[in-house]
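Student: My questions all concern the structure below.
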Amino acid sequence: MHKHGEPNEKARKVLNMASGSLVKIPEMVENGRYCPDVIQRIDSVIGLLKSARTELLRGHLDSCLAERLKNDKEGAVKELLKIYNL
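In my numbering, the protein residues as written are 1 to 86.
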């Protein structure tokens, strides 16, 4: 688990993978690649982004949020509601 202010290496690696896959999608469409192949690539990027989001959220809840709850409970609750689009 990373601490507040430190890079989250796992999230960084997953985001780099997502970025690499994402830039290939327009090229696949331009080259007339088989639609299910393009869709599969899109689903892969979505999965990688969800994985990075989960990793970042896990780190945030474990370090940043725990500290914020001690000092600003109302702000912490508002932050969580924003993260979850509630």
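For glycine and all other residues, C-beta sits at the position ideal for the given N, C-alpha and C.
1) Report the CB separation of leucine 61 from valine 14 in whole angstroms; it is logged as a contact under 8 Å.
2) Can you grab the Cα-Cα spacing for the pair asparagine 31 / valine 77, in whole Å?
3) Closest to tyrosine 84 by CA distance: which of Leu22, Arg53 and Met28 is it?
4) What does a CB cutoff of less than 8 Å around lysine 24 pick up in its chain, not counting 5 residues either side in sequence?
5) How many angstroms separate the CA atom of lysine 82 from the CA atom of tyrosine 34?
Tutor: On the basis of the coordinates in this document:
1) With a beta-carbon spacing of about 18 Å, leucine 61 and valine 14 fall beyond the 8 Å limit used to define contacts.
2) Taking the CA atoms as reference points, asparagine 31 sits about 47 Å from valine 77.
3) Checking every option, the nearest Cα to that of tyrosine 84 belongs to Arg53.
4) Taking C-beta separations shorter than 8 Å and ignoring five residues to either side along the sequence, the partners of lysine 24 in its chain run Arg41, following chain order.
5) Rounded to the nearest angstrom, the two C-alpha atoms are 38 Å apart.
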